[in-house]
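Colleague: In UniProt numbering, the protein residues as written are 1 to 161.
Would you mind keeping the following structure in view while I ask a few things?
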């Protein structure tokens, strides 16, 4: 098939070479070609944030990015948060603070929060509320999500001291 490009993409530390049609999104490449189904597709218009992944450490809506644009990048998906069977501190906090119900939006929130806390370890609840307002959740009312992220921010601040 014409209009394809061979790209090299590193996902969660593993390098892949993938033949990608130029019209396919990064979300499709991650889910269908590489099996990273934790990246969810909700609106497919960049509004809901369920598809958020980190591209070179920066949150990106993978439904709005073409797969060929990821050539040479490092992508981190929700599957890259855990260390084997051990959940990350953020994943544990989401569970502890009931920051999820149906879980559909959770991967996007986790990836957004991971990037935000890396850049803003001193985040307070008001800042966290502002950041998470960019993603949509129909189930939780956001309070548990904010509490989980604030908990991790506080724990990480204490560990850094």
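Ideal Cβ placement from N, Cα and C applies to all residues, glycine included.
Based on the DSSP output, what are the partners of residue 28 in its beta bridges?
Modeller: Locating residue 28 in the chain shown gives position 28, counting from the first residue. According to DSSP, residue 28 bridges with nothing at all.
Colleague: Going by C-alpha to C-alpha distance, which of 28, 15, 13 sits closest to residue 65?
Modeller: The residue given as residue 65 occupies position 65 in the chain shown. Residue 65 has its Cα closest to that of 28, out of 28, 15, 13.
Colleague: Can you give me the C-alpha to C-alpha distance between residue 52 and residue 106, rounded to a whole angstrom?
Modeller: One-based indexing of the chain shown puts residue 52 at position 52. One-based indexing of the chain shown puts residue 106 at position 106. Near 10 angstroms, if we compare the C-alpha coordinates of residue 106 and residue 52.
Colleague: Could you say which of 6, 34, 137, 35 lies nearest to residue 21 if we only look at CA atoms?
Modeller: Numbered from 1 along the chain shown, position 21 holds the residue referred to as residue 21. Ranking 6, 34, 137, 35 by Cα distance to residue 21 puts 6 first.
Colleague: For residue 59, which residues does DSSP report across the bridge?
Modeller: Here residue 59 refers to the residue found at position 59 when the chain shown is read from its first residue. For residue 59, which the question treats as bridged, DSSP gives the partners 54.
Colleague: First and last residue of the alpha helix (DSSP H) that includes residue 129?
Modeller: Stepping through the chain shown from its first residue, residue 129 is reached at position 129. Looking at the DSSP string, the run of the alpha helix (DSSP H) that includes residue 129 is 125-132.
Colleague: Hey, would you say residue 103 sits closer than 9 angstroms to residue 147, going by beta carbons?
Modeller: As a working mapping, residue 103 is identified with position 103 in the chain shown. As a working mapping, residue 147 is identified with position 147 in the chain shown. Not a contact, by the Cβ cut-off of 9 angstroms.
Colleague: So which of 120, 136, 19, 92 has the shortest CA-CA distance to residue 41?
Modeller: Start at 1 with the first residue of the chain shown, and residue 41 comes out as number 41. The residue with the shortest Cα to Cα distance from residue 41 is 136.
Colleague: Please classify residue 115 as buried or exposed, where buried requires at least 16 other C-beta atoms within 10 Å of its C-beta.
Modeller: Looking up residue 115 in the chain shown gives position 115. Residue 115 comes out buried.
Colleague: In this structure, how does DSSP classify residue 85 when only helix, strand and coil are distinguished?
Modeller: By 1-based counting over the chain shown, the position of residue 85 is 85. DSSP places residue 85 in coil when its eight states are reduced to three.
Colleague: Entirely within the region 67-123 and at least 3 residues each: give me those beta strand (DSSP E) ranges in chain order.
Modeller: Whole beta strand (DSSP E) segments, 3+ residues: 74-76.
Colleague: Residue range of the beta strand (DSSP E) that residue 15 falls in?
Modeller: Along the chain shown, read from residue 1 onward, the residue named residue 15 stands at position 15. Here the beta strand (DSSP E) through residue 15 covers 14-21.
Colleague: Going by other Cβ atoms of all chains shown within 10 Å of its Cβ, with 16 needed for buried, is residue 19 buried or exposed?
Modeller: The sequence position of residue 19 within the chain shown is 19, counting from 1. It is exposed - the Cβ of residue 19 has fewer than 16 other Cβ atoms within 10 Å.
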